[in-house]
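Just so we're aligned: 24 in UniProt numbering is position 24 of the sequence shown, and the numbers increase by one with no gaps anywhere.
Virtual Cβ for every residue (Gly too), placed ideally from N, Cα, C.
In this text, all values refer to a predicted model and were calculated from it rather than measured experimentally.
First the structure, in the form of structure tokens, and then the observations on it.
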Amino acid sequence: MGEWKELTAPSQERWNEIAGFWDDFMGEHSNRFHREIVRPKTEELLAPQEGQQILDIACGNGNFSRRLAGLGVKVTAIDYSSNMIDRAVGRSSAYEGNISYKVVDATKSEELLALGEGSFDGAVANMALMDIADLSGLLEALPRMLKPNGSVVFSIPHPCFQSPNTRRIHESEDVGGRVVTRNSVQVSSYLQPEPMESIGVKGQPVAHYVFHRPLHYYIHLFVRAGFVLDGLEEPAFAYDAARAERFDWYELPPAVIFRFRKLA
1 MGEWKELTAP
11 SQERWNEIAG
21 FWDDFMGEHS
31 NRFHREIVRP
41 KTEELLAPQE
51 GQQILDIACG
61 NGNFSRRLAG
71 LGVKVTAIDY
81 SSNMIDRAVG
91 RSSAYEGNIS
101 YKVVDATKSE
111 ELLALGEGSF
121 DGAVANMALM
131 DIADLSGLLE
141 ALPRMLKPNG
151 SVVFSIPHPC
161 FQSPNTRRIH
171 ESEDVGGRVV
181 TRNSVQVSSY
191 LQPEPMESIG
201 VKGQPVAHYV
211 FHRPLHYYIH
221 LFVRAGFVLD
231 GLEEPAFAYD
241 AARAERFDWY
251 ELPPAVIFRF
261 RKLA
């Protein structure tokens, strides 16, 4: 349990429906979560080098693809939402020749392998694998697509702290004449993989599917495919007193970022 092939098509339909809304929201520079939580540690683990060939899986509107291209990387950027790819292309005219956008379903190994076996120095998936209903095709293809010693870096919402039905709690207390605030989460399920519908951005036209899987699920999946885990980060926001009156992710990491390296 942990893969839901029957939800691939419905998930794709919903991402096509909300692509324009998400692109407008993320804009040219993405949101605070991606800028401060996802991007810095992802770049650190990926360590992109000029001239490398990198696969950007589920690239969305291409924010990270353009970042990589700006560092001199040759990017193949894929997404199964044709509407999202159209939006990404529309934002990337300045990077023509450095980014190749393609509509590819990452659940289908044959579509992935058509991009080239042994062609990529690395692959990245920013906050995307939890949106993919069936990861088996991706893990079948990735070892064959990467060059020797190639790595995959991916981020997901931290499943320990953002599992289904998690409640976010913000409390304040007067302690000795000083107001003390605390953030916490209440978790009632974690181990059982399950699909759920989610509103990732307030106001999006329809909910999209998110597929909760515990940490060990991802580790076992990649190890069985011939990878070794050699990097892990759990970033959180730096404390900001201006935001202390509402919940924010300080001591609790909202995301986890993995680096798996191909063994041979």
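Item checked: Beta-carbon contacts of residue 71 that lie in its chain and below 6 Å, excluding the five residues immediately before and after -> Counting only Cβ-Cβ distances below 6 Å, and skipping sequence neighbours, we find 48.
Next item on the list: Within 10 angstroms of the Cβ of residue 239, are there 16 or more other Cβ atoms? Answer buried if so, exposed if not.
Entry: Residue 239 is exposed by the Cβ-count criterion.
Checklist line | 3-residue-minimum beta strand (DSSP E) runs that sit fully inside the segment 102-131, ordered along the chain | finding: Runs of the beta strand (DSSP E) lying entirely within the segment 102-131 and spanning at least 3 residues, in chain order: 120-125.
Check: Alpha carbon to alpha carbon, what distance is there between residue 244 and residue 94?
Finding: Between the alpha carbons of residue 94 and residue 244 lies a distance of about 39 Å.
Margin query: At the level of alpha carbons, what is the spacing between residue 190 and residue 12?
Written below: Going by C-alpha positions, residue 190 is about 25 Å away from residue 12.
Check: How about the segment 114-128 and the segment 45-59: do they share at least three Cβ pairs that are nearer than 8 Å?
Finding: Flag = yes, the segment 114-128 and the segment 45-59 touch.
Margin query: So for residue 260, helix, strand or coil by DSSP?
Written below: Strand, per DSSP.
Next item on the list: Counting only the same chain and skipping the five closest in sequence on each side, list residues whose C-beta sits under 7 Å from that of residue 134.
Entry: Around residue 134, the same chain offers 3, 4, 5, 8 and 107 as residues with beta carbons nearer than 7 Å, after the five sequence neighbours per side are excluded.
Margin query: With DSSP as the reference, identify every bridge partner of residue 79, one or two as the case may be.
Written below: Answer is 103.
Check: Short check: CB of residue 146 to CB of residue 41, under 7 Å?
Finding: For residue 146 and residue 41, no; Cβs fall outside 7 Å.
Check: Taking the runs of the alpha helix (DSSP H) that are 4 residues or longer, which of them lie wholly in the segment 10-50?
Finding: For the segment 10-50, the full-length alpha helix (DSSP H) segments reaching 4 residues or more read 39-46 along the chain.
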